[in-house]
Amino acid sequence: DAKTTQPPSMDCAEGRAANLPCNHSTISGNEYVYWYRQIHSQGPQYIIHGLKNNETNEMASLIITEDRKSSTLILPHATLRDTAVYYCIVRRSGNQFYFGTGTSLTVIP
Amino acid sequence: NAGVMQNPRHLVRRRGQEARLRCSPMKGHSHVYWYRQLPEEGLKFMVYLQKENIIDESGMPKERFSAEFPKEGPSILRIQQVVRGDSAAYFCASSNQRDTYEQYFGPGTRLTVT
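So the protein lines, in turn, are chains A and B. Numbered per our numbering, the first sequence spans residues 300 to 408. Numbered per our numbering, the second sequence spans residues 5 to 118.
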């Protein structure tokens, strides 16, 4: 599975959009991009995933560049409860997710 | 619909003792995954099981660690003769099918070896 690179930490003002970048320059054609988050040492929570089209659900939007070498997770109106570690994961298929060290997002009042 | 249950939430063991961690998947889920998270690190996959079968144990240490998911009852992760390096958070996840995009995680068991 392709490796991902994320900034270690980010801040975002409450109510503003949080844009979390992820680089996955070695991604191959059949690998999906997944985003999970982990709030304060709880179990990770699924957010969204995509292959090459942009995706949106009730939690977030996922923007994948045309060459698929990077993506951005967007939380449209960040709240204090969105403070968490966000993991960008690329995988082909199978049983396991590889969680790197992620981005620690702090939402500031 | 209850989520994934793990117990105990916290477990303290002395070096050389055995640790048993239990995981009850979500109702209707027959696929269970175990992950380990060391301090300041991301989760690392350990093992994937279906009822009565180990499907993928590529992340399991070769010695002292074992896992099972019997026909009845929870999945068990067993660590024999624990050492300080086993101190970590152990998370269980479940899904209702193989190769799914979403795994539902439990709250984890925090193992401390003294």
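Just so you know, even glycine gets a beta-carbon here, dropped at the ideal spot from N, CA and C.
Continuous beta strand (DSSP E) stretch holding residue i: start and end
i, result
"Met-168 (chain B)", "Past the boundaries of the shown model lies residue 168 (chain B); chain B is included only from 5 to 118, so the question cannot be answered."
"Met-309 (chain A)", "308-312"
"Arg-18 (chain B)", "Run containing Arg-18 (chain B): none; DSSP gives neither H nor E here."
"Pro-111 (chain B)", "Element bounds for Pro-111 (chain B): n/a, residue is neither H nor E."
"Leu-404 (chain A)", "402-407"
"Phe-398 (chain A)", "Segment: none, Phe-398 (chain A) is in no beta strand (DSSP E) and carries neither H nor E."
"Asn-318 (chain A)", "317-322"
"Leu-361 (chain A)", "360-363"
"Ile-373 (chain A)", "369-374"
"Arg-40 (chain B)", "35-41"
Own chain, CB closer than 8 Å to residue i, minus 5 neighbours either side, in chain order
i, result
"Asn-353 (chain A)", "Ser-360, Leu-361, Ile-362, Ile-363"
"His-376 (chain A)", "Gly-314, Arg-315, Ala-316"
"Ile-326 (chain A)", "Ala-301, Val-332, Arg-367, Lys-368, Val-389"
"Glu-106 (chain B)", "Ser-99"
"Leu-379 (chain A)", "Glu-313, Val-406, Pro-408"
"Val-36 (chain B)", "Cys-27, Pro-29, Tyr-52, Leu-53, Gln-54, Phe-73, Ser-79, Cys-96, Ala-97, Ser-98"
"Gln-101 (chain B)", "His-35"
Of the listed residues the options, nearest to residue i (C-alpha basis)
i, options, result
"Thr-304 (chain A)", "A:Asn-322, A:Asp-310, A:Pro-408", "A:Asn-322"
"Pro-408 (chain A)", "A:Asn-318, A:Thr-382, A:Lys-302, A:Leu-372", "A:Thr-382"
"Ile-388 (chain A)", "A:Tyr-335, A:Ser-327, A:Ser-403", "A:Tyr-335"
"Ser-91 (chain B)", "B:Gly-63, B:Gln-107, B:His-14", "B:His-14"
"Ser-403 (chain A)", "A:Ile-338, A:Thr-355, A:Leu-374", "A:Ile-338"
"Gly-89 (chain B)", "B:Trp-38, B:His-35, B:Ile-59, B:Val-117", "B:Val-117"
"Arg-114 (chain B)", "B:Arg-19, B:Arg-68, B:Arg-40, B:Met-64", "B:Arg-40"
"Val-86 (chain B)", "B:Gln-107, B:Tyr-105, B:Trp-38, B:Arg-68", "B:Arg-68"
"Glu-61 (chain B)", "B:Trp-38, B:Leu-42, B:Ile-80, B:Pro-78", "B:Trp-38"
"Gly-32 (chain B)", "B:Val-16, B:Leu-42, B:Val-8", "B:Val-8"
"Ile-80 (chain B)", "B:Val-51, B:Tyr-108, B:Arg-19", "B:Val-51"
Per DSSP, cross-strand counterpart(s) of residue i
i, result
"Met-9 (chain B)", "B:Ser-28"
"Leu-350 (chain A)", "None; Leu-350 (chain A) has no bridge partner."
"Phe-69 (chain B)", "B:Ile-83"
"Asp-134 (chain B)", "For chain B, the structure presents residues 5 to 118; residue 134 (chain B) sits outside this window and is missing."
"Gln-337 (chain A)", "A:Val-384"
"Gln-344 (chain A)", "A:Arg-336"
"Gln-101 (chain B)", "Paired residues: none, contrary to the question."
"Ala-92 (chain B)", "B:Leu-115"
"Thr-355 (chain A)", "A:Ser-360"
"Thr-304 (chain A)", "A:Asn-322"
Own chain residues within Cβ distance below 6 Å of residue i, not counting five before or after
i, result
"Glu-22 (chain B)", "Gln-84"
"Arg-82 (chain B)", "Arg-24, Ser-70"
"Thr-371 (chain A)", "Asn-318, Pro-320, Ile-362"
"Pro-78 (chain B)", "Arg-26, Cys-27, Ser-28"
"Ser-324 (chain A)", "Lys-368"
Own chain partners of residue i with C-beta closer than 7 Å, once the 5 adjacent residues on each side are dropped
i, result
"Pro-111 (chain B)", "Gln-10, Arg-13"
"Asn-356 (chain A)", "Ile-347"
"Asp-310 (chain A)", "Thr-405, Ile-407"
"Lys-351 (chain A)", "Ile-363, Arg-367"
Inter-stretch contact (C-beta, 8 Å, three-pair minimum) for the stretch 343-356 of chain A and the stretch 95-110 of chain B: At 8 Å Cβ cutoff, the stretches touch.
Touch test, the stretch 394-408 of chain A against the stretch 45-63 of chain B, Cβ-Cβ under 8 Å, three pairs minimum: Three or more beta-carbon pairs separated by less than 8 Å link the stretch 394-408 of chain A to the stretch 45-63 of chain B, which places the two stretches in contact.
Cβ contact check for the stretch 74-82 of chain B and the stretch 52-64 of chain B: 3 or more pairs under 8 Å: Contact between the stretch 74-82 of chain B and the stretch 52-64 of chain B is present, with at least three C-beta pairs closer than 8 Å.
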